[in-house]
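This report refers to the structure that appears directly beneath it.
There are 2 protein chains.
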Amino acid sequence: MLFKQVYDHIMTRIERGDWNVHDKLPSIRLLALELGINRLTVFKAYQLLKQNGKAYVKEKSGYYVSPENSLPNLYERDVNESIESSAVHLNSKLSDIHRVTAAYQFSQALIDPNLLPNLFLSEYVKKVFDIYPKLMGTYSTPQGDEELRDVLCQYIIRHYRVHLNTSEELITTGAQQAIDLLSRIFIRPMDAILVERPTYSAAIDVFRGQGARLIPVDFSPEGYDLDMVELLMKQHRPRFFYMNPTFHNPTGYTLPITQRKQLVELAERYRCLLIEDDAFHDMYFDERPPQPLFTYDTEGWVVYLRSFSKYVAPGLRICAVFGRKSVIEPLITAKSLADNGTPLVTQKIFVHYFQSERMQQHLEKLRIALQIRRDIMEEELALAPIDWKWITPKGGLNIWLQLPDTVPARTLLNESFRQSISFVPGQICDPLDEMQSWIRLSYSFVNEEQIRAGVQQLAEIAQRIKER
Amino acid sequence: MLFKQVYDHIMTRIERGDWNVHDKLPSIRLLALELGINRLTVFKAYQLLKQNGKAYVKEKSGYYVSPENSLPNLYERDVNESIESSAVHLNSKLSDIHRVTAAYQFSQALIDPNLLPNLFLSEYVKKVFDIYPKLMGTYSTPQGDEELRDVLCQYIIRHYRVHLNTSEELITTGAQQAIDLLSRIFIRPMDAILVERPTYSAAIDVFRGQGARLIPVDFSPEGYDLDMVELLMKQHRPRFFYMNPTFHNPTGYTLPITQRKQLVELAERYRCLLIEDDAFHDMYFDERPPQPLFTYDTEGWVVYLRSFSKYVAPGLRICAVFGRKSVIEPLITAKSLADNGTPLVTQKIFVHYFQSERMQQHLEKLRIALQIRRDIMEEELALAPIDWKWITPKGGLNIWLQLPDTVPARTLLNESFRQSISFVPGQICDPLDEMQSWIRLSYSFVNEEQIRAGVQQLAEIAQRIKER
Numbered sequence: 001m002l003f004k005q006v007y008d009h010i011m012t013r014i015e016r017g018d019w020n021v022h023d024k025l026p027s028i029r030l031l032a033l034e035l036g037i038n039r040l041t042v043f044k045a046y047q048l049l050k051q052n053g054k055a056y057v058k059e060k061s062g063y064y065v066s067p068e069n070s071l072p073n074l075y076e077r078d079v080n081e082s083i084e085s086s087a088v089h090l091n092s093k094l095s096d097i098h099r100v101t102a103a104y105q106f107s108q109a110l111i112d113p114n115l116l117p118n119l120f121l122s123e124y125v126k127k128v129f130d131i132y133p134k135l136m137g138t139y140s141t142p143q144g145d146e147e148l149r150d151v152l153c154q155y156i157i158r159h160y161r162v163h164l165n166t167s168e169e170l171i172t173t174g175a176q177q178a179i180d181l182l183s184r185i186f187i188r189p190m191d192a193i194l195v196e197r198p199t200y201s202a203a204i205d206v207f208r209g210q211g212a213r214l215i216p217v218d219f220s221p222e223g224y225d226l227d228m229v230e231l232l233m234k235q236h237r238p239r240f241f242y243m244n245p246t247f248h249n250p251t252g253y254t255l256p257i258t259q260r261k262q263l264v265e266l267a268e269r270y271r272c273l274l275i276e277d278d279a280f281h282d283m284y285f286d287e288r289p290p291q292p293l294f295t296y297d298t299e300g301w302v303v304y305l306r307s308f309s310k311y312v313a314p315g316l317r318i319c320a321v322f323g324r325k326s327v328i329e330p331l332i333t334a335k336s337l338a339d340n341g342t343p344l345v346t347q348k349i350f351v352h353y354f355q356s357e358r359m360q361q362h363l364e365k366l367r368i369a370l371q372i373r374r375d376i377m378e379e380e381l382a383l384a385p386i387d388w389k390w391i392t393p394k395g396g397l398n399i400w401l402q403l404p405d406t407v408p409a410r411t412l413l414n415e416s417f418r419q420s421i422s423f424v425p426g427q428i429c430d431p432l433d434e435m436q437s438w439i440r441l442s443y444s445f446v447n448e449e450q451i452r453a454g455v456q457q458l459a460e461i462a463q464r465i466k467e468r
Numbered sequence: 001m002l003f004k005q006v007y008d009h010i011m012t013r014i015e016r017g018d019w020n021v022h023d024k025l026p027s028i029r030l031l032a033l034e035l036g037i038n039r040l041t042v043f044k045a046y047q048l049l050k051q052n053g054k055a056y057v058k059e060k061s062g063y064y065v066s067p068e069n070s071l072p073n074l075y076e077r078d079v080n081e082s083i084e085s086s087a088v089h090l091n092s093k094l095s096d097i098h099r100v101t102a103a104y105q106f107s108q109a110l111i112d113p114n115l116l117p118n119l120f121l122s123e124y125v126k127k128v129f130d131i132y133p134k135l136m137g138t139y140s141t142p143q144g145d146e147e148l149r150d151v152l153c154q155y156i157i158r159h160y161r162v163h164l165n166t167s168e169e170l171i172t173t174g175a176q177q178a179i180d181l182l183s184r185i186f187i188r189p190m191d192a193i194l195v196e197r198p199t200y201s202a203a204i205d206v207f208r209g210q211g212a213r214l215i216p217v218d219f220s221p222e223g224y225d226l227d228m229v230e231l232l233m234k235q236h237r238p239r240f241f242y243m244n245p246t247f248h249n250p251t252g253y254t255l256p257i258t259q260r261k262q263l264v265e266l267a268e269r270y271r272c273l274l275i276e277d278d279a280f281h282d283m284y285f286d287e288r289p290p291q292p293l294f295t296y297d298t299e300g301w302v303v304y305l306r307s308f309s310k311y312v313a314p315g316l317r318i319c320a321v322f323g324r325k326s327v328i329e330p331l332i333t334a335k336s337l338a339d340n341g342t343p344l345v346t347q348k349i350f351v352h353y354f355q356s357e358r359m360q361q362h363l364e365k366l367r368i369a370l371q372i373r374r375d376i377m378e379e380e381l382a383l384a385p386i387d388w389k390w391i392t393p394k395g396g397l398n399i400w401l402q403l404p405d406t407v408p409a410r411t412l413l414n415e416s417f418r419q420s421i422s423f424v425p426g427q428i429c430d431p432l433d434e435m436q437s438w439i440r441l442s443y444s445f446v447n448e449e450q451i452r453a454g455v456q457q458l459a460e461i462a463q464r465i466k467e468r
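Structure below.
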């Protein structure tokens, strides 16, 4: 028990109104008893409170809450506000944006449901329930359905010729949950972690929620500056490097094969886990991307998140995490505490569909459809009289667009929301909270007519802002 | 930034091997720079390291790692072990027990899949996919499907005549996730919370994982000692009281109606949230249980967890959390960071089935089947020549059995595992880690023959232990 924690504890209780201004704080003896700690520790905490002007002393009486300490409207707040104020503050900036309804949803990096083989899928589900009549009555294990793990494990082995078995795999409800569980077992407050700059906004929110210090690694079309990565690993001893090296979200960049091998070596040398989020691997347009970093790893320093359901059946939310047992075992425990296991129904539906021939045909068609949408978006962007810049993505779901200085992203977003257009401002993808002249436009969720009309409107809005 | 946190941070890095024995620690200037904090703070942390014998000083050189500090086999550990050792340690004692395969599963408080209307359910699923052909292609919002929230909200309003709307509701993947998310937004390290003694083992693990101090409230067949509860609320100012007042797990006890009203008043007075976990409400045998505490709450101090899928379709894992917006709003954010929303597929299947007439008929039958299983278990327990004691549960899935002193639960569990019988030892349900003469036997997962044979075998094992 440590006096600084006791100090924080008392401050929290003052803030939530357990003790008001000029209230007497519990005696040192009593608080020591209550917290089950040494009196000296409490004494030190009270001294610090005094020193910081949070409490004052009345001779022979005790410690009292100082007036400057409390918020002016503490008394006025009603009960519900005070419940809220006592909750730990978490942010989810991306989901705040997604809550805005928009006719032109360029903010959603999801596949348009019209591009999915819905009817076939429904037929498939019916078959699955014929095969497993008791499916609805059965729980999954926290680690995930054995059959599903086996099929996905074999898939990875077949494609990449790695050694792997089903005990080195965990099924999660989407990649988001995998990121969250990994944070919970690896991040302690103040721990350094490396993240790409820019990166997936919701991952930033998760890592911050766990109290991590985020160290940015710039991601350019050529990859990372590996000397810089080494320096950062040496200097900060990060717990892990969270990366999305293939058709990266939001930029669309792909890390070159040479850097992949070198990074795995750096990870080993500096004992820094690489968390490789590979959600867009199969969404390539011209050629297949390089092999995952995971496949170069022999020492167990890469954890591989492969979200399979995004482009197959997003409603199912199936992600597989592959890693050494030393990583997977604590993850299973975290998963069992978090939700006791992903629903078996969705796992069984997925595993049967995933193995069907139809699924491969669907993927082929989907890639073409997405490529067409990307082309249309690029065409409209190029036609617009705005000097915005981007690099053609060779896969994935997004275009990362640099706005001219005359068009601030924040202004553009506000005006766009009003005209029912949504996109993701670059700032929320930046661990440094800058990148105010970048935006992410997803071409995957809206159809071809909507892309044309939406980008044209966006250009008009940008033009108006420029001319102000 | 606080020097005690810096101290912990350095200790963690020493433990994980960033610096070995007699290695020089970074200079104060450098570490202050790295962590972005004041040099004085680092200086204080180094002083404490010295004071605690974790570091020593070389004149005009700096701080070095002391030898007594490192584990003797730190060098010998292989890479994977060191990854594991760097993970935050979480426990999930209940899921450890469930991993043991057993012919007589008295440890699983789940409904036997044979008691569920599986065929009907499967037919139902097919209909749902006809209604929503694009179901597989669609994400849910983090808060949960609007239609499902509306149906469950109306159900609560109809049954209990409370004011409620769908914005005061969140859908989670089972009650386990609701407990976990609530812990994450309300518990900071060292915060006191009240829990029943005994209580749900996995809840203890979640709360401990968040760093809570667990204050036990004894639960007897007459309820709680409310004077004691008031004293504990006054003294410890707990963040919340996690309770399972209806057919309580593991005891089967139900909190009397008079105590329910008084508790809600206490909650208001001491600003202590009540988290009412009501997973077994519909599993009554003779008469309906009293109304949930939630229905007596007008000020927003009760959060109500109603797990609906347990006895309907456990494979779906659907729980609803009801509470004021001030609680639900931060919960939605936590949910969106945790997994971006429960799969839509399971929500849609559930909502349609839940509204069917068939569902009510099923519930009626299920209650009778469970009552018969309880009766059989009691009959066999009574026939055994062991002086064990229990109170007949009037609902729920478990019997809470007190063993004679001559039969320690730990010994009984070990011997039982060997004979393919599993149950939950009382100790893991006790926040004080005692209750070594109690065990929880679930009668819901095993069929009638298995109950007879299993309890008979259990009695024989107990008899042998007694005679030793």
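Residue numbers (this note's numbering), protein chains in the order written: chain A, 1 to 468; chain B, 1 to 468.
No residue lacks a Cβ here, since even glycine has one placed at the ideal position from N, Cα and C.
> Looking at Leu148 of chain B and Val351 of chain B, is the spacing between their C-beta atoms short of 7 Å?
Replying inline: Yes, the Cβ-Cβ distance between Val351 of chain B and Leu148 of chain B is below 7 Å.
>> Under DSSP, the beta strand (DSSP E) around Thr172 of chain A begins and ends at which residues?
In response: 169-172
> How long is the line joining the alpha carbons of Glu76 of chain B and Asp225 of chain A, rounded to whole angstroms?
Replying inline: Since pLDDT at Glu76 of chain B reaches only 29, below the 50 mark, its modelled position is unreliable, and no value is offered.
> Shorter than 7 Å from the beta carbon of Leu135 of chain B to some beta carbon of chain A?
Replying inline: yes
>> So, for Leu35 of chain A: in the same chain, excluding its five sequence neighbours on each side, which residues have a beta-carbon less than 8 Å away from its beta-carbon?
In response: Excluding residues within five positions, the ones whose Cβ falls inside 8 Å are Met1, Val6, His9, Val42.
> Curious, which full-length alpha helix (DSSP H) runs of at least 4 residues does the region 340-409 of chain A contain?
Replying inline: For the region 340-409 of chain A, whole alpha helix (DSSP H) runs of length 4 or above, ordered along the chain, are 344-354, 357-383.
> Could you give the distance in angstroms between the alpha-carbon of Ser201 of chain A and the alpha-carbon of Asp339 of chain A?
Replying inline: 23 Å
>> For the structure I just gave you, are there three or more beta carbon pairs, one from the region 109-123 of chain A and one from the region 55-64 of chain B, closer than 8 Å?
In response: no
> Comparing the C-beta of Val302 of chain A with each C-beta of chain B, is any distance below 7 Å?
Replying inline: no
>> I'd like the list of long-range same chain contacts for Pro290 of chain A, defined as Cβ closer than 8 Å, with 5 residues on each side in sequence excluded.
In response: Thr246, Thr254, Leu255, Pro256, Ile257, Arg260
>> What does the Cβ neighbour count give for Asn118 of chain B, buried or exposed, with the cut at 16 atoms within 10 Å?
In response: buried
> Using the beta-carbon count (16 or more within 10 Å), is Ser140 of chain B buried or exposed?
Replying inline: It counts as buried.
>> Let's test the definition: count the other Cβ atoms within 10 Å of the Cβ of Glu81 of chain A and tell me whether it reaches 16, buried, or not, exposed.
In response: Low per-residue confidence applies at Glu81 of chain A: pLDDT is 41, beneath 50, and the placement is therefore not dependable, though the value from the model is reported in the following sentence. Counting Cβ neighbours within 10 Å, Glu81 of chain A comes out exposed, since fewer than 16 surround it.
>> Using CA atoms only, rank isn't needed, just tell me which of A:Ser122, A:Phe294, A:Asp205, A:Ile97 is closest to Arg358 of chain A.
In response: A:Ser122
> Could you check where the beta strand (DSSP E) with Gly454 of chain B kicks off and where it finishes?
Replying inline: Note, Gly454 of chain B: premise wrong, no beta strand (DSSP E); alpha helix (DSSP H) at 448-467.
>> My assumption, with CB atoms under 8 Å, is that Ser469 of chain B sits in contact with Gly174 of chain B. Please give the rounded CB distance.
In response: In this structure chain B extends from 1 to 468, so residue 469 of chain B is not present and cannot be described.
> Where DSSP assigns a beta bridge to Gly223 of chain B, which residues make up the other side?
Replying inline: B:Ser220
> If you measure beta-carbon to beta-carbon, which residues of the region 356-374 of chain B are closer than 9 Å to chain A?
Replying inline: Within the region 356-374 of chain B, no residue has a Cβ that lies closer than 9 Å to any Cβ of chain A.
> Does the distance from the CB of Asp282 of chain A to the CB of Leu305 of chain A come in under 7 Å?
Replying inline: At a Cβ-Cβ threshold of 7 Å, Asp282 of chain A and Leu305 of chain A do not count as neighbours.
> chain B beta carbons: is any one of them nearer than 7 Å to that of Gln450 of chain A?
Replying inline: It does not: the Cβ of Gln450 of chain A has no partner Cβ on chain B nearer than 7 Å.
> Could you give the C-beta distance for Leu164 of chain B and Phe322 of chain B, rounded to a whole number, given that I count them as a contact under 8 Å?
Replying inline: Correct: roughly 6 Å between the Cβ atoms.
> Listed from N- to C-terminal order along the chain, which residues in the region 185-206 of chain A have their beta-carbon within a distance smaller than 9 Å of any beta-carbon of chain B?
Replying inline: Ile185, Phe186, Ile187, Arg188, Pro189, Met190, Asp191, Ala192, Ala202, Asp205, Val206
> Can a CB atom of chain A be found closer than 7 Å to the CB of Pro343 of chain B?
Replying inline: yes
> Cα-Cα, which of B:Leu194, B:Lys134, B:Ala212 is closest to Arg271 of chain B?
Replying inline: Considering only alpha carbons, the answer is B:Leu194.
>> Runs of 3 residues minimum, wholly inside the region 227-275 of chain B: which ones carry the beta strand (DSSP E) assignment?
In response: 240-243
>> Assuming contact is defined by CB atoms lying nearer than 7 Å, are Pro343 of chain B and Leu316 of chain A in contact in what I supplied?
In response: yes
> Mind pulling the chain B residues with CB within less than 9 Å of Arg288 of chain A?
Replying inline: Ordered by position in chain B, no residue passes the 9 Å Cβ test against Arg288 of chain A, which lies about 25 Å from the chain.
> If we count the other Cβ atoms within 10 Å of its Cβ and call it buried at 16 or more, is His159 of chain A buried or exposed?
Replying inline: The residue in question, His159 of chain A, is exposed, as its Cβ has fewer than 16 Cβ neighbours within 10 Å.
> Quick one: any contact between the region 445-460 of chain B and the region 407-422 of chain B, if contact means 3 or more CB pairs under 8 Å?
Replying inline: yes
> Can you find a CB in chain A that lies within less than 7 Å of the CB of Pro250 of chain B?
Replying inline: no
>> Can you check whether the C-beta of Lys126 of chain B is within less than 7 Å of a C-beta belonging to chain A?
In response: yes
> Quick one: is Val57 of chain B buried, meaning 16 or more other Cβ sit within 10 Å of its Cβ, or exposed?
Replying inline: exposed
> Taking Cβ-Cβ distances shorter than 8 Å, what residues in chain B pair up with Gln101 of chain A?
Replying inline: Checking the sequence shown, residue 101 of chain A turns out to be Thr, not Gln. By Cβ distance, chain B contributes nothing, its closest Cβ being about 11 Å from Thr101 of chain A, past 8 Å.
> Under the DSSP definition of a beta bridge, which residues are partnered with Glu196 of chain A?
Replying inline: A:Val217
> Touch check for the region 120-134 of chain A and the region 437-447 of chain A: three-plus C-beta pairs under 8 Å?
Replying inline: no
> If you drop the 5 nearest sequence neighbours on each side, which residues of the same chain put their C-beta closer than 7 Å to that of Ile376 of chain A?
Replying inline: Glu448, Ile451, Arg452
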